[in-house]
Every structure is written in structure tokens, then in C-alpha cells.
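Asker:
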Amino acid sequence: MEIRTAQDLFRNITEGFAPNFDSLKYVLENDNFAIVSVIGDPDDPDFTGEIVYDTTYSPAIDSIRALGINLDSLPLVPYGNGATFDIAADTITYQKTIVPVVEVGVKRKVFMGNYADKRFARYDQKYDPEKPLKFGSMNSPQLSGNWE
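Heads up: the sequence shown is residues 1 to 148, going by the UniProt record's numbering.
(1) Using a Cβ-Cβ cutoff of less than 7 Å, which residues in the same chain neighbour residue 137 once the five nearest sequence positions on both sides are dropped?
(2) For the candidate residues 14, 67 and 82, whose alpha-carbon lies nearest to that of residue 73?
(3) Quick one, are the C-beta atoms of residue 52 and residue 39 less than 8 Å apart?
(4) For residue 85 and residue 4, which I take to be in contact (beta-carbon distance under 8 Å), what is that distance rounded to the nearest angstrom?
(5) So, residue 89 versus residue 145, is the Cβ gap smaller than 8 Å?
(6) Classify residue 9: buried if its beta carbon has 16 or more other beta carbons within 10 angstroms, exposed otherwise.
Written out as C-alpha cells, the structure reads:
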């Protein structure tokens, strides 16, 4: 979940997703969120005053710390003995619009330890240690997946 949150924060800053964990960490440690305040109502047809846009910047690292995200351990698979998540990001044309996409995942066998054996499929017909645990898709703009 933290990787998904970090990628979403990265997208708010860069309008794209990070293709690797080094880029993700660098931007979230060193870049800023632009916060635009609108004074006046641009959607009100009867508003005749001046509309003022004021932009302030907030360091992304402050949000990362507030969320308790450790950027150094983000790429590491829990119980994976130092294994890291696979990450890919790009842009695709979706419904005639260029959109950013990301996919992050790892095969189940990487963190399942002694249970990373196909013989355990007899207890769950859907279990396959070769299948990935992932979120996102390189084929459509979505961040959902099969991990929570």
C-alpha cells in the first residue's frame, strides 16, 4: 500500500509515475507539491470580481514523514530476504488520451517461504506461487490490484 501511495504522490508532482525506486525516492525527498488557492469563484457566471490564483509549495518529504513512509525500505519485499519489487512505468494511449501507467509487483513465491510450493494448491485451487502479487497495469490507467 505504501508503494501505491508513494506513486500517487509522485504523480501529483510530476504528472507521471516513477519507473524505478531511485526516481521515486529522489522526487519525494527533494521536490514540492504545488498548492493552488483560488480566490473568487471561476464557476459563478454572476461573479464580476477579479479571480486570483495563488500558488504555494510544500515539500513532499513532509507528507512522506507524516504518512510514516520509509523511502529506504519501500523497494524491499516483506519476508523476501532482500528481494525487491518489480516496477514499470510508461505512458499509453487510452481512449485517445495519453495517460501515465504503472505496475508494481512480485511473484508470490518470493515471500511465501516454505509455502512457495505448488503442492499447496490442493488447499486452494487458485493458489499458484508463480503468479504475481501486484497493483496497476501497463495496459490501462488503474491502480487497483490483488494486494491490500
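Backbone N, C-alpha and C fix where the C-beta goes; we use that ideal spot for every residue, glycine too.
Answerer: Looking at the atomic coordinates:
(1) Excluding residues up to 5 positions away in sequence, 101 and 103 lie with their Cβ nearer than 7 Å to the Cβ of residue 137 in the same chain.
(2) Considering only alpha carbons, the answer is 82.
(3) The Cβ atoms of residue 52 and residue 39 sit closer than 8 Å to each other.
(4) Contact doesn't hold; Cβ gap of about 11 Å is too wide.
(5) Residue 145 sits away from residue 89, with the two beta carbons spaced by 8 Å or more.
(6) Residue 9 sits buried, since 16 or more C-beta atoms from the chains shown fall within 10 Å of its C-beta.
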